[in-house]
Amino acid sequence: DAISGAVNLNADKFEVACMHVGDEYEPAGAYDYVNRFSVVGYPSGYVDSRAYVPNFSPSSYTSKLFADLLAEKEMNYPTTTGISFTSSLSGSKITANVNVYAKEADDYKVTVLLVEDGIIGYQNGGSNDYEHNHVVRLVMSDTSGDDAAITSANSVWSKTYTGTVPAGCNMSNLRVLAYVEKPYGSQRKVQGVSDVEY
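Counting from -7, one number per residue, gives the positions in the sequence shown under my numbering.
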């Protein structure tokens, strides 16, 4: 599919999170994402919280749009932060210790998600044995990201997140995804990729 194709084109640069809505995989807060991005149809794809990628056919074309957006991001919005974390699982309690390293003082957002791969189940328009990957099972931060105000350059922001793994998750197929965003605010949004809505 389009997302797998995009990941294959840039395997070390994409992290995927699929937010299910209206089925048994829907996490608490899923509709906050729907409202945040004004989602009107499924699937809807977003890159870097700023660019909407329509679900074009063939999927190879959509994969290329994702890859083009990555290239645009790297060219026009240089990285000013890094993130690292450790996670642990004790019974059904998940803990993630997150550190954000910032070259520039600014207001950032940090999002922490618990993601499950290899879920076999129903797919709308498909079958009952579809393999779902990158499925968000728990939002450990605020759905729009936690405020991470960094007041001086070359600083570190740290926070510990905890949550309870939802019943029915395959504990061996879980992983934590943590990411940091710098809100675009009044920054110019470069529109260098056609067929993408910003």
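We treat Cβ as the ideally placed atom computed from N, Cα and C, and that holds for glycine.
A quick note: this is a predicted structure, and the numbers were derived from the prediction, not measured.
Within the continuous alpha helix (DSSP H) that includes residue i, where are the two ends?
i, result
"R28", "A22 to R28"
"K65", "S51 to N68"
"A195", "Any answer about residue 195 is impossible in this case: the structure gives the chain only from -7 up to 190."
On the CB-based measure, 16 or more other CB atoms within 10 Å of its CB, does residue i come out buried or exposed?
i, result
"I112", "exposed"
"S55", "buried"
"D60", "buried"
"S164", "exposed"
"M11", "buried"
"Y190", "exposed"
"S147", "exposed"
Starting from residue i and walking both ways along the beta strand (DSSP E), at which residues does that stretch end?
i, result
"K85", "K85 to A94"
"H124", "Y122 to H124"
"A9", "Here A9 belongs to no beta strand (DSSP E), and DSSP marks it neither H nor E."
Going by the beta-carbon positions, is the gap between residue i and residue j smaller than 9 Å?
i, j, result
"Y153", "N89", "yes"
"L169", "V104", "yes"
"V172", "Y69", "no"
"R42", "E108", "no"
"A97", "A159", "no"
"Y114", "D15", "yes"
Could you tell me the distance, in whole angstroms, from the CA atom of residue i to the CA atom of residue j?
i, j, result
"A3", "Y53", "17 Å"
"S36", "N47", "7 Å"
"L130", "Y93", "24 Å"
"L1", "K65", "15 Å"
"V157", "G110", "16 Å"
"Y34", "A141", "33 Å"
"N27", "L62", "24 Å"
I believe residue i touches residue j by the beta-carbon criterion, under 8 Å. Please report the beta-carbon distance rounded to the nearest angstrom.
i, j, result
"L13", "A20", "The amino acid occupying residue 13 in the given sequence is Val; Leu does not appear at that position. Actually they are not in contact, since the Cβ atoms of V13 and A20 sit about 12 Å apart, beyond 8 Å."
"Y25", "T135", "6 Å"
"V188", "L57", "6 Å"
"K174", "T72", "7 Å"
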